[in-house]
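Report on the structure given below.
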Amino acid sequence: MVLHSLTLPADPLWIELSAIVLPTYLANTVLLVVGVGLSALVLGVTTAWLVTMCHLPGRRVLDWLLVLPLAFPTYLLAYASTDLFEYAGPVQSTLRRWFGAAAPGIEFRSLPGAIAVLTIALYPYVYLFARAGFLRGSATLLQVSRALGCGPWRSFFTVALPLARPAIVAGLALVLMETLAEFGAVQYFAVDTFTTGIYLTWFALGSPAGAMQLAAFLLAGVGGLLALERVARGGGRVADAGGGPLPRYPLGRLATAGALTICLLPVVLGFILPLGVFGRLAVEAGDARLGVDYLPLLRNSVVLGATAAGLIVLAAIALGYAMRIAKSRFVAALVRFSALGYAVPGSVLSVGVLAVIGAFDRGANALGLAAGLVAGGSIGALLYAYGVRFLAIALNAVESGLATVRPEFDAAARTLGIGPLRQMARIHLPLLRASLLTGALLVFVDVLKELPATLIVRPFNFDTLAVRAYQLASDERLSEAATPALTIVAAGLVPVIMTSLALGGRRR
Amino acid sequence: MTVRLAVTGLRHRYGAHQVLDGIDLFVEPVEVLCLLGPSGSGKTTILRLIAGLEPVQEGTITIDGRLMGGPARHTPPERRGVGLVFQDAALFPHLTVAGNVGFGLRGGERRARIADLLERVGLAGFESRYPHTLSGGQQQRVALARALAPSPAVMLLDEPFAALDAIRREQVREEAIALLREAGVATVLVTHDAEEAMAVADRIALLDEGRILQTAPPRDLYELPRDRRAAAALGKVNVVLGEVADGRVRTALGCWPVALPAGPVDVLLRPEWLRVLPADGEPSWRVAAIRFQGPISYAWVTADRQPSLIVLAPPGLRLDQRVSVIADSTRAVVVPTRPRHVEALDFASR
Amino acid sequence: MALIRLALVAVLLGLLALPQGAAAQQPERVLNLYTGRHYDTDQRLYDLYSAFTGVKIYVIQGDADQLIQRMVSEGRNSPADVLITVDAGRLWRAEQLGLCQPVVSDYLASRIPDHLRHPDGYWYGFTKRARVIVYAKDRVSPSELSTYEDLADPKWRGRLLVRSSSNVYNLSLTGSLIAAHGEPFVEEWARGIARNLARTPQGGDTDQLLAVAAGQGDVAISNTYYVARLLASSNPEDRAVAEKLGVFFPNQNDRGTHVNISGGCVASNAPHRAEAIEFLEFLASDGAQAIFALGNHEYPVVAGQALSPIIEQWGPFREDTISAAVFGANNPRALLLMNRAGWR
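Chains as they are written, first to last, in the working numbering: chain F, 26 to 533; chain P, 15 to 364; chain X, 143 to 486.
This is the structure we're talking about:
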């Protein structure tokens, strides 16, 4: 679909426009992606290391507190932080009241602002994967490295980090893809990126072909980056070398304070402050329709999220297995390609999905299988759109989990008379449990927050919490949007905490 | 003679690398065949092919007369009736000992069978323990019980004792082999430890660079190696160059009759086939080094323009002592020297 | 296994628990509506229509651009009967893509002025939104304000606030300027606007109003109903902001203030064409016009209708009567030109 667009003739108006704006957009995109990537990497890896490898008071609570910013849709984080920090907001107003004209007028809606908010919103992906990577990391090897005279710092850089690298990269890839696809928040910060270009071309200029060409270009870039990483990783395979429980590093008083600050900062910025902002708004001027009207919204959101999470994780298992069993580069490339949807802006992708579904319906009609619209405007279509968009998340989780299942397990199971399917059920799924739960959780929360695809692919009279929040926010009624926003967060929190408890309890 | 497992003409390559280059093997029921060879000689690949973990590229594998693997046939591992034990037990970490042992079992007899197997490997009462709470030897015994549980026709062991400490290794090994013989299963044991192979094998297949050098019972292999490489594989050996002429072999250690055509030969002499006596004439050898190894000691002796020999050191032997060396010509193995180009021709004619 | 089973159960339950989508197969009289309007008060319109006619309304609300793309992909199978947008540019594009069908209705023709509907009846406007200049009462005197063109004057350097050029309201405003002056003049004008900006264009119209009240700039371009909404807010902070703002209708001495429309069309493949036309006629009725006016502080298209008290206090004004079809068609050129001029 996107590829097909490359063969279409370009709109002359588009060529003219792109010559004007694309250089800026490209530069912004690169700055944004590099900025968010680096800071999310540092923040995610640091917090994961501190929580898994050091003696910290309240470590168990921090462990899941650090995931909480995931519960907020990025655009709502953008709203909340802007509300606080922009020129007309309380922070800068107070500063002006105190210092008068001497107070610097900081432009919060800028590229640095966007990088800050996206980092806070997305670092949990790196955190989650890095944490899993460190936990799996070999204690033996760390002990060896310490015995060889490497202090905690050198052990971290020379042993733990390289061992956890595949997991960290998987998380980072999600951050980068999400950053590239992000539109609402970036637009809110008045930063024009490649995605803005796609939107502008498509919607303001009415040139779907041009937009698709841009999207194809974007995909090629993402695909190239991922391929590069795979090549760099090379044949190096990290297997679990075992070695008992991980030794935790003790910290001095000052170091403990520093570590706690580092871990709490993103939680405060990414969860507690926005929660406060929306809480205040909701109490002062909440949505008038709160109450009975919210039950169907909540039901739709939760059921949709759970269904999508189930389906997508199943699909990811199937695809992950196809890769493991087929061992062919072609299959692997095909699977990876199918997961690139995560890097495509939601609304572009959903229109692509609509086109596919439209063609499917026309095909079904032509064959006399059905009359009228079968797939179009159905829940199935919506689930399909989620699948295209969020497969990458589940696939990354499954893949990084499968990487730790030793091939000897497969061999042992097979020679004990267990076929491939039962082997999957009896060996892999139990071993992958943590990865699968994490993947399902991420998909669930993402579906809960998902907007563009839901908005355009959904059936008649079908609203979700995210849709409701968007309706109010896009009508520039931020304070009323606070009510559905908080409901989304609440609905997302339950599984986050449940998963965390389920995984924590099992850790030996 | 009944053959349980037969492997013929097995060739295998990974990309450009020829891993196996024509392997022929057979194993009888209750027999233990050791595949002995250095790492990279293709031992593990043979096991994987027999187990069906990889499809056969060339050659055939039959079990009890049924074709299991060939270029056109691939029976999946779960329908071959083979058991597999790895160097590290590879127990499923999420299952208990009982869960692991019973993994390949179904039906009502399961519980009894698990108890019976654990009893036999000396781990009765360990049913509900998790693998990470067991010692290495215990894990390996569970792995063996797990592999034995479905009563396989063929058991494949891939260096199962290599990771155990020296004291425990022998005990676990003896118990395991006894159990396998009792179970009447045809066993292929892969190892790079010659002593282990000689201790447990009914026959040893010597493997080098994807080819079998020689297959024979341990004693035959030790005493009648086919060539210097086969001899070296089983333990220390002296290779003395010699020349055959007129039905006699002439070496630095003397002459004696042999039934070989004239030409250059290798004379293969185990250290214990050489006798060391205080020097009473020429040529005399000098003791260059002595190594104490408990029950026996080895000594290295040298002479002018001769490669050094390794011999059993009699008690009282001193460094720098002058000695004479006498070969037991009845045990010496005399084989024609195989120059490299002859080997190449040999290879091409296969 | 338990995990797989859990996933399967979740999927099955999910499929059962969700309402099924195909609204078009209901036996009762129905109308399928694709709307780009996102105002809660519209629900009252639908309820009123259903109460009068017994027709059940199924709604998909979303971005007009994407709704248009959805209709394109659905093609002949599209269940859409009526498409509603919040600006003329999108209606123009839907018509260009062949998504609208002409409707001949004496009632609509008599109620809606010529310049607020398509000449051949492909679409009709139902409310007007005036794009005005909002100023800080304490820093700007209305006598300093005159026209849109004047906002490019250097005297506003660093004092002007406006949202991004890609927004449809700005596209239509610039489209109307192109119709009045031609492209070279308007590009120069856009350059002046970009130079005068107090900050990078960001946020929506409300954000510009808040920034004027906070003193980040002195004048802003905004639609009237955003000001009205702040004035009518239950939140005292919002009302305090609005009290600092004055509303000025530009170009009263020449062609008039730019007015965009929110309007609708009957989809070319509408399965319920009769209901669709009936619905459009309903939107032009007194009752519907009153809901538009009172609910969202928009200007009714039908002459002589009641206004919301808040916008009534701003009094009558002269509006630019250029056809929405013209400035709608100018949208793409306007976008190009504004980007060239450095107005993001």
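Don't be surprised by glycine CBs; every beta carbon is placed ideally from N, CA and C.
Interfacial residues, the stretch 446-467 of chain F to chain P, with Cβ spacing under 7 angstroms: Ile452, Pro455 and Leu456
Just checking: is the beta-carbon of Glu68 of chain P within a distance shorter than 8 angstroms of some beta-carbon in chain F? By the rule that beta-carbons nearer than 8 angstroms mark a contact, Glu68 of chain P does not touch chain F.
How about Leu478 of chain X and Glu41 of chain F: are their beta carbons less than 8 angstroms apart? yes
When you compare only the Cα positions, how much space is there between Ala327 of chain P and Arg179 of chain F? 51 angstroms
Can you list the residues of chain F that His26 of chain P reaches, using a CB-CB cut of under 7 angstroms? Chain F residues near His26 of chain P: none, gap ~16 angstroms exceeds 7 angstroms.
Selection of the stretch 328-345 of chain X by Cβ proximity to chain F, strictly under 8 angstroms: Arg341, Thr342, Pro343, Gln344 and Gly345
For Val70 of chain F, which option in F:Ala185, F:Tyr50 and F:Ser118 has the closest C-alpha, if you only look at C-alpha atoms? F:Ala185
Taking 8 angstroms as the CB-CB cut-off, is Arg155 of chain P touching chain F? no
Given a cut-off of 8 angstroms, decide if Val369 of chain F and Ala494 of chain F are closer than it, judged by their beta-carbon atoms. no
Can you tell me where the alpha helix (DSSP H) holding Thr332 of chain F begins and where it ends? Tyr319 to Ala351
Let's see if you can read the secondary structure: which residues bound the alpha helix (DSSP H) around Leu524 of chain X? An answer regarding residue 524 of chain X cannot be provided, because it is not within the stretch 143 to 486 covered by chain X.
So that I know if they touch, is there some Cβ in chain P lying closer than 8 angstroms to that of Ser425 of chain F? no
Within 8 angstroms (strictly less), CB to CB, does Ala380 of chain F reach chain X? yes
In whole angstroms, what is the alpha-carbon distance linking Asn393 of chain X and Val401 of chain X? Rounded to whole angstroms, Asn393 of chain X to Val401 of chain X spans 12 angstroms at the Cα level.
Are there 16 or more other CB atoms within 10 angstroms of the CB of Cys288 of chain F, so buried, or fewer, so exposed? buried
8 angstroms Cβ cutoff met for Arg361 of chain F and Leu251 of chain F: yes
Which partner residues of Val224 of chain X appear in the DSSP bridge assignment? X:Leu175 and X:Val408
Beta carbons nearer than 9 angstroms to chain F: which residues of the stretch 60-93 of chain P have them? Arg62, Ala65, Gly66, Leu67, Pro90, Pro91, Glu92 and Arg93
Check whether chain X comes within 8 angstroms of Asn390 of chain F, counting only Cβ atoms and requiring the distance to be less than that. yes
Any C-beta of chain X under 8 angstroms from that of Gln238 of chain F: no
Which same chain residues, not among the five before or five after Leu51 of chain F, have their C-beta less than 8 angstroms away from its C-beta? So the list reads Phe219, once near-sequence residues are dropped.
What three-state label does DSSP hand Tyr150 of chain F in the structure shown? Helix at Tyr150 of chain F.
So the candidates are P:Arg225, P:Ile77, P:Gln153 and P:Ser165; which of them puts its Cα closest to the Cα of Val21 of chain P? Minimum Cα distance to Val21 of chain P is reached at P:Ile77.
Listed in chain order, which residues of the stretch 202-225 of chain X have Cβ atoms closer than 9 angstroms to some Cβ of chain F? Ile202, Gln203, Gly204, Asp205, Ala206, Asp207, Gln208, Leu209, Ile210, Gln211, Arg212, Val214, Ser215, Glu216, Gly217, Arg218, Asn219, Ser220 and Pro221
Just the Cα atoms here: how many angstroms apart are Ala466 of chain X and Thr348 of chain X? 24 angstroms
Provide the residue span of the alpha helix (DSSP H) that contains Val202 of chain P, from first to last. No alpha helix (DSSP H) contains Val202 of chain P, which is instead part of the beta strand (DSSP E) from Ala200 to Thr205.
Is it buried or exposed, Leu201 of chain F, if we count other Cβ atoms within 10 angstroms and call 16 or more buried? buried
Taking the alpha-carbon positions, what's the Val199 of chain P to Arg243 of chain P distance? 31 angstroms
Under a CB-based cut-off of 8 angstroms, is Ile443 of chain F close to chain X? no
Quick check on this structure: which residue in F:Leu306, F:Val470, F:Leu320 and F:Leu160 has the alpha carbon closest to the alpha carbon of Arg190 of chain F? F:Leu160
For a cutoff of 8 angstroms on Cβ pairs, would you count Phe106 of chain P as touching chain F? Yes, contact with chain F.
Using a Cβ cut-off of 9 angstroms, pull out every chain F residue sitting near Asn481 of chain X, in sequence order please. Leu42, Ile45, Val46 and Leu225
Beta-carbon spacing of Ile64 of chain P, Ile37 of chain P below 8 angstroms: no
Under a Cβ-count criterion, where at least 16 other Cβ atoms within 10 Å of its own Cβ denotes burial, should Phe117 of chain P be classed as buried or exposed? buried
Please work out which residues of its chain come closer than 8 angstroms, Cβ to Cβ, to Gly334 of chain X, disregarding the five sequence neighbours upstream and downstream, and give them in chain order. Leu293, Ala294, Asp295 and Pro296
Cβ-based neighbour list, Leu19 of chain P, same chain, cut-off 6 angstroms, excluding 5 preceding and 5 following: Closer than 6 angstroms at the Cβ level, and outside the excluded window around Leu19 of chain P, lie Val41, Ile77, Val168 and Ala200.
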